[in-house]
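Structure first, commentary second.
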Amino acid sequence: MKEYLTNIQIFFILVISITVHDSMELAKEVAEVVGTGGWITILLGIGISIFFTYIITYLGWSFRGKTLDQYSNEIVGKSFTNIFVIIYIVYFFLIGAMLPQMGCEFLRLEILAKTPVWAMVITLFIVVYYTTSKGLRIIGRLFEFYGFIIVISMFFMYIIMLNEGKMINLQPLMGSEESIAYIKGLEKVVPYIGIQLLTIIPFEKNNSQIFKYTISGILMGGLLFILAFEACIAILGVDDIVYYKDALFVAVRRVNVPYLEFFERIDGIFISIWFMALIAKTCIYIYGAVYLLSKIFKKVEFKRLCFIVIILADILALIPTTFESKQKFFMYSGYMSIFTGVIIPLILFITAKVKKYDKKVI
């Protein structure tokens, strides 16, 4: 039985998957390359992401009710499909395994200094297992519920930060770098695009609005990226921001708004929505790995396969011993998104167009 999601659930999966955690280091990395003109680089990244979002959405819409493993088999055959599926399984598994480790390490450093990371990771994976084993529909509801809270809270925080920051820090608005610098800065924005998740979400047959919602998800995520970047610059300044790895959280902690009383310290809001996004993202990535594995091991029950993947993810997450090694491992895992979000979808799209497979099924 196919598990379909509503358009708004798909929208929030994209928004949450490409923001929040990636926003943490985005300001520093982009500012290092292009300074205050970083918003131009982010806009270019949004344009590229929209292009490949359209390609993946088009494949899913052309082969309605089917996911990557099914329409790839029709387009390029079983041999290439097996290779593609393995790449996606490895990608989803690595990201799903490292997200909790990175997130719990951050929580330990900032607010839970005496809590062992392994204890937090195991607890998080228990929650992820329970949610993921219930299937895609439950994960979609989780994203929908969390999505409204996260997006509204992020807008609330960024507007306050811009209001409390110094607008002079945002100048010159166009930056002072050469044009080529904006292109170089794209490597800091594009690799973590998160659109690969569309490959494991089947689209309903009469869903003519799906393009609008997927592209809107990228636009919303891009807007939040720009607001996060500008808010960090306004609070920290372009000269100081390069010294902070987690620039967004540093900027958030410097904001103190007495007139908001209960919300005087918005870093509490930030940590709350950040952890909510961590749970949701881990669930969808682990689900992606389990779902594709279930297509290979058809005789193994989904819940049992999910349990095995969670155990392996927990073991893998504890292998890197230092925070720096964990960051590097996560970064290199993220660069696989170039294959899963760009190269493979482009191969399938071009092949489908040349052989006119997409026309046969519409």
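Under the numbering used here, the first residue of the sequence shown carries the number 6, and numbering increases by one thereafter. Even glycine gets a Cβ: it sits at the ideal position worked out from N, Cα and C. Nothing here was measured: the structure is a model prediction, and the numbers come from that model.
> Which first and last residues belong to the alpha helix (DSSP H) in which A256 is found?
Replying inline: 252-258
> Cβ of G152 less than 9 Å from any chain D Cβ?
Replying inline: Annotation note: the requested chain D is absent from the structure, which comprises a single protein chain.
> Leaving out five residues before and five after I60 in sequence, what residues of the same chain have Cβ atoms less than 7 Å from its Cβ?
Replying inline: Correct list, in chain order: P350, L351, F354.
>> For Y340 and V347, what's the separation of their Cα atoms in angstroms?
In response: 11 Å
>> Rounded to the nearest angstrom, what separates V38 and M225 at their Cα positions?
In response: 24 Å
>> Tell me the DSSP secondary structure of T120 in three-state form.
In response: coil
> Considering only C-alpha positions, which residue in the set R146, K71, F254 is nearest to I116?
Replying inline: F254
> Where I223 and N212 are concerned, what is the direct C-alpha to C-alpha distance, given to the nearest angstrom?
Replying inline: 19 Å
>> Given 8 Å as the limit, tell me if L19 has its C-beta closer than that to any heavy atom belonging to the ligand ZN.
In response: Annotation note on the ligand ZN: not contained in the displayed structure, which lists no ligands.
> Curious, which full-length alpha helix (DSSP H) runs of at least 4 residues does the segment 111-162 contain?
Replying inline: Those alpha helix (DSSP H) runs which fall completely within the segment 111-162 and span 4+ residues are 122-137.
> Per DSSP, what kind of secondary structure is P350 in: helix, strand or coil?
Replying inline: helix
> Considering only C-alpha positions, which residue in the set G50, K71, Q106, L241 is nearest to L321?
Replying inline: Q106
> T41 by DSSP, collapsed to three states: which one?
Replying inline: helix
>> The alpha helix (DSSP H) that contains S22, what's its start and end?
In response: Per DSSP, S22 belongs to the alpha helix (DSSP H) from 12-23.
> Taking the alpha-carbon positions, what's the T41 to G170 distance?
Replying inline: 14 Å
> Near Y76, what residues of its chain come up, given a Cβ to Cβ distance below 7 Å and the 5 sequence neighbours on each side ignored?
Replying inline: L64, F68
>> With the cut-off set at 9 Å, would you say I220 and I53 are in Cβ contact?
In response: no
>> Can you check which of these residues, I315, R259, E209, G50, is closest to Y163 by C-alpha distance?
In response: R259
> How is L203 classed by DSSP in three states: helix, strand or coil?
Replying inline: helix
> Given that a residue counts as buried once 16 or more other Cβ atoms are within 10 Å of its Cβ, and exposed if not, what is G82?
Replying inline: G82 counts as exposed, since fewer than 16 other beta carbons sit within 10 angstroms of its beta carbon.
> Taking the alpha carbon of A36 as the point to measure from, which residue in A357, D245, T24 has its own alpha carbon closest?
Replying inline: D245
>> Taking only three categories from DSSP, how would you classify T62?
In response: helix
>> Just to check my reading of the structure: T345 and Y134 have Cβ atoms closer than 8 Å, yes? What is that Cβ distance to the nearest angstrom?
In response: Wrong, their Cβ atoms sit about 23 Å apart, outside the cutoff.
> When the Cα atoms are used, what is the spatial distance from D272 to I165?
Replying inline: 12 Å
> Thinking just about the alpha-carbon of each residue, which of M125, L298, V20, L10 is nearest to the one in G70?
Replying inline: L10
> Would DSSP call N168 helix, strand or coil?
Replying inline: Note: N168 maps to helix in three-state DSSP.
>> What does the Cβ neighbour count give for P207, buried or exposed, with the cut at 16 atoms within 10 Å?
In response: buried
>> According to DSSP, simplified to helix, strand and coil, what is T72?
In response: coil
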